[in-house]
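*Asks:* For reference, each letter of the sequence shown is one residue, going 68 to 589 in the numbering used here.
One structure, pasted below without further comment.
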Amino acid sequence: MNSINQSGWKPEMGNAGDTAPATYTGNKALMLEEALIFEIGTAGTTGVDLADAPQVASRLGNLERHRDIGLPGLSEPETVRHYTRLSRQNYAIDLGFFPLGSCTMKHNPRLNEKVARMAGFADVHPLQPVETVQGAFAVIHELAHWLVTLTGMKAVAMSPKAGAHGELCGILAIRAALTARGDARSVILCPESAHGTNPATAAFAGYAVENIPATSEGRVDLAALKARLGPDVAGVMITNPNTCGLFERDMREISDAVHAAGGYVYCDGANFNAIVGRVRPGDLGVDAMHINLHKTFSTPHGGGGPGSGPVVLSEALAPYAPLPFVDKDKDHYRLVEEETAGEHHGSSFGRMVAFHGQMGMFTRALSYIMSHGADGLRQVAEDAVLNANYILRSLEDVLEAPFAHSGPCMHEALFSDNGLAEGFSTLDIAKGLIDEGYHPMTVYFPLVVHGAMLVEPTETESKATLDQFIGALGRVAERAKAGDPSLKSAPHYAPRRRLDETQAARKPVLVWREPEQAVAAE
Ligand SMILES: *Cc1c(COP(=O)(O)O)cnc(C)c1O
């Protein structure tokens, strides 16, 4: 291993920021460059000393491997540093403000982590005898109780493992209810303001998806929706608050119309953070709604997980909820499974997962709910909405805010790319924000707005943090409006410059091999 080249950087990789003077290693201050572990390690090296294995006759026959499998050999500190350097290149809510819209990147109170790590929760196995996991079942049951209470619904299916998985659960419950009454319907209506997972879920479940337009206010076009209802419509999937960051005020009227036409109402509740403690979806006529525990009830979920998407159900859909679930008999918790479902739960559509769902998320969510209390949860919604409106009103004169005229927003502020200089786009602003030390907001979503920029501050950010972000985004936006050419090549200070995003997604370079090695392996 090259002793000067501590991090495995090679001159042909280029430097982190081409405008900055290059260091030999490519490191920028304490932001270290990092190569792939295969580039750093060498096959002959190892971090542990093992005695030579005794010579034994192989029993593998022609399965025996004759070639080195090429695992990189590194010492323990080299290995630890490699992964620690990589982790420093990962932006995280614990490093700074994370304005990603629709994702509710809120702080995760450490109390949740402490509770989730208690051995009685962290070390349980789903096949343990029921008598030995009564405490874990009590957590699931208690959390289920609060989710049903907060949403004003009849029942909850705890097992779905993410929002989109919950959507599938809800749609399968709707189909089971329709099948039970011998009513095969084939269409699900999705408004333009719905989250992209909604039409994807409906299509995945085998339904034809039809679009309902949005009004110029950014809400569901009620008249268009009513006009399309009929005997072929199984239901609607409505995101509320919607992806324009607006509350669907006509929800009650929408639900009544859908029910009158024999359909069911699915509500995408991923944005429950904006209304928790303030609105009960059950009062709005919703039949099924998933709650993203990893959003509203905190927990870290950047990088794809872990998620948890319990689905609350109305009286009409409750009998079709998936199995298994935890029930309480006096002081004893029991598992209702296929064999024990009996006549009360015999109509279940089946299973979403093998076991009970995401235990680690259940403990975090319950810890979050209990530590906030009813007043604290209501304040979560109020502060999240206040913070988003502060951002909307602070930047509406700098960036076009297409729905600013529709009244206050909910938990996220939406801007468009109208008014930028010729040749400048939302992408340039996003890349410019990286140089300012921020993970960009959600871009080009929702699709109803040209060059959308969706900012969700969440309630956990202070006014000082918001002011600093508003200043940074405002400055970058002014540069995009003035046509500052240096913005076109941003980011300048990140470990990587602007990548070809299509190439990076379609042809990622995940494994690097010496050319000789590549030839030898063929
Ligand atoms: C996040 C989100 C989803 C999907 O949830 P996952 O847990 O990522 O599957 C669906 N709808 C909305 C509105 C969301 O914000």
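Heads up, the beta-carbon is just placed ideally off N, CA and C, and yes, glycines get one too.
Note that the structure is a prediction, hence the values are computed from the model and not measured.
With 16 as the cutoff for other CB atoms within 10 Å, does E489 come out buried or exposed?
*Replies:* Answer is exposed; the Cβ neighbour count stays below 16.
*Asks:* In whole angstroms, what is the alpha-carbon distance linking L402 and M220?
*Replies:* When rounded, the distance between both Cα atoms is 21 Å.
*Asks:* For the alpha helix (DSSP H) that contains P144, what are its first and last residues?
*Replies:* Looking at the DSSP string, the run of the alpha helix (DSSP H) that includes P144 is E143 to Q156.
*Asks:* What alpha helix (DSSP H) runs, 4 residues minimum, are completely inside the region 163–242?
*Replies:* Runs found: 177–183, 186–189 and 201–218.
*Asks:* Is the distance from the Cβ of S483 to the Cβ of A468 below 9 Å?
*Replies:* Result yes, Cβ atoms of S483 and A468 sit closer than 9 Å.
*Asks:* Would you tell me roughly how many angstroms separate the C-alpha atoms of P507 and E523, rounded to the nearest one?
*Replies:* Answer to the nearest angstrom: the Cα atoms are 11 Å apart.
*Asks:* Quick check on the burial criterion: 16 or more other C-beta atoms within 10 angstroms. Buried or exposed for K574?
*Replies:* With fewer than 16 other Cβ atoms within 10 Å, it is exposed.
*Asks:* Are D335 and E234 touching if we call contact CB-CB under 9 Å?
*Replies:* In contact: D335 and E234 (Cβ atoms closer than 9 Å).
*Asks:* Consult DSSP for F491 and reduce its assignment to one of helix, strand or coil.
*Replies:* If DSSP states are grouped into helix, strand and coil, F491 belongs with coil.
*Asks:* Sorted by chain position, which residues of the same chain lie with C-beta nearer than 8 Å to A571's C-beta, five sequence neighbours on each side aside?
*Replies:* Closer than 8 Å at Cβ, skipping near neighbours: no residue.
*Asks:* Closest to R431 by CA distance: which of V379, V393, N359 and E568 is it?
*Replies:* Out of V379, V393, N359 and E568, N359 has the C-alpha closest to the C-alpha of R431.
*Asks:* Is any heavy atom of ligand 1 found at a distance shorter than 8 Å from the C-beta of T430?
*Replies:* Result no, Cβ not under 8 Å from ligand 1.
*Asks:* CB of S365 to nearest heavy atom of ligand 1: below 8 Å?
*Replies:* Every heavy atom of ligand 1 is 8 Å or more from the Cβ of S365, so no.
*Asks:* Just the Cα atoms here: how many angstroms apart are P139 and V576?
*Replies:* Their backbone Cα atoms lie some 17 Å apart in a straight line.
*Asks:* Given this structure, state the Cα-to-Cα distance separating P562 from F422, to the nearest angstrom.
*Replies:* When rounded, the distance between both Cα atoms is 42 Å.
*Asks:* Starting from the C-beta of T363, find all residues in its chain whose C-beta is less than 7 Å away, skip the five residues before and the five after it, and write them out in chain order.
*Replies:* T171, F339, N340 and V343, listed in sequence order.
*Asks:* Tell me the residue span of the alpha helix (DSSP H) that contains T569.
*Replies:* T569 -> alpha helix (DSSP H) spans E568 to R573.
*Asks:* Would you mind listing the beta strand (DSSP E) stretches within the region 313–355 that are 3+ residues and don't spill past its ends, in chain order?
*Replies:* List check, beta strand (DSSP E) in window: 331–335.
*Asks:* So for I255, helix, strand or coil by DSSP?
*Replies:* Looking at I255 - three-state DSSP - the assignment turns out to be strand.
*Asks:* How would you write the range of the alpha helix (DSSP H) that L402 sits in, first residue to last?
*Replies:* Segment H399 to V403 is the beta strand (DSSP E) holding L402; no alpha helix (DSSP H) there.
*Asks:* For Q425, count the other beta carbons within 10 Å of its own beta carbon; 16 or more makes it buried, fewer makes it exposed. Which is it?
*Replies:* Buried, by the Cβ-count rule.
*Asks:* Just the Cα atoms here: how many angstroms apart are L540 and A471?
*Replies:* Roughly 18 Å separates the two Cα atoms.
*Asks:* Tell me K395's beta-bridge partners as DSSP assigns them.
*Replies:* Its beta-bridge partners are Y400.
*Asks:* Jot down the residue ranges of each uninterrupted alpha helix (DSSP H) in the region 419–503, minimum 4 residues, whole runs only, in chain order.
*Replies:* Listed in chain order, they are 426–462 and 493–502.
*Asks:* Am I right that L296 and V325 are in contact with their C-beta atoms under 8 Å? What's the rounded C-beta distance?
*Replies:* Their Cβ separation, rounded to whole angstroms, is 6 Å, which keeps L296 and V325 in contact under 8 Å.
*Asks:* Does the separation of the CB atoms of E479 and S169 fall below 9 Å?
*Replies:* Result yes, Cβ atoms of E479 and S169 sit closer than 9 Å.
*Asks:* Hey, I321 and A272 are a contact pair by Cβ (cut 8 Å); roughly how many whole angstroms apart?
*Replies:* Not really, about 21 Å apart at Cβ, beyond 8 Å.
*Asks:* CB F204 to CB F536, shorter than 9 Å?
*Replies:* It is not a contact, given that the beta carbons lie outside the stated cut-off.
*Asks:* For ligand 1, I want to know if G374 counts as a neighbour, meaning its beta carbon is within less than 8 Å of at least one of the ligand's heavy atoms.
*Replies:* True, at least one ligand heavy atom lies under 8 Å from that Cβ.
*Asks:* Quick one: give me the first and last residue of the beta strand (DSSP E) that V379 is part of.
*Replies:* Looking at the DSSP string, the run of the beta strand (DSSP E) that includes V379 is V378 to L380.
*Asks:* Select from H208, R152, T264 and V223 the residue whose C-alpha is nearest the C-alpha of L399.
*Replies:* According to the sequence provided, residue 399 is His. The question's Leu does not apply to it. H399 has its Cα closest to that of H208, out of H208, R152, T264 and V223.
*Asks:* Tell me whether G230 counts as near ligand 3, meaning its Cβ is closer than 8 Å to at least one heavy atom of that ligand.
*Replies:* Ligands present in the displayed structure are limited to ligand 1, and ligand 3 is not among them.
*Asks:* Sorry if obvious, but does the Cβ on S414 come closer than 8 Å to a heavy atom of ligand 1?
*Replies:* It does not: the Cβ of S414 is nowhere closer than 8 Å to a heavy atom of ligand 1.
*Asks:* By the three-class DSSP mapping on this structure, what secondary structure does V576 have?
*Replies:* Here V576 sits in coil by DSSP.
*Asks:* Could you tell me the distance, in whole angstroms, from the CA atom of P582 to the CA atom of S553?
*Replies:* Bear in mind that the predicted position of P582 carries a pLDDT of just 46, short of 50, making it too unreliable to give a figure here.
*Asks:* In the structure shown, what three-state DSSP assignment does H133 receive?
*Replies:* Reduced to three states, the DSSP call for H133 is coil.
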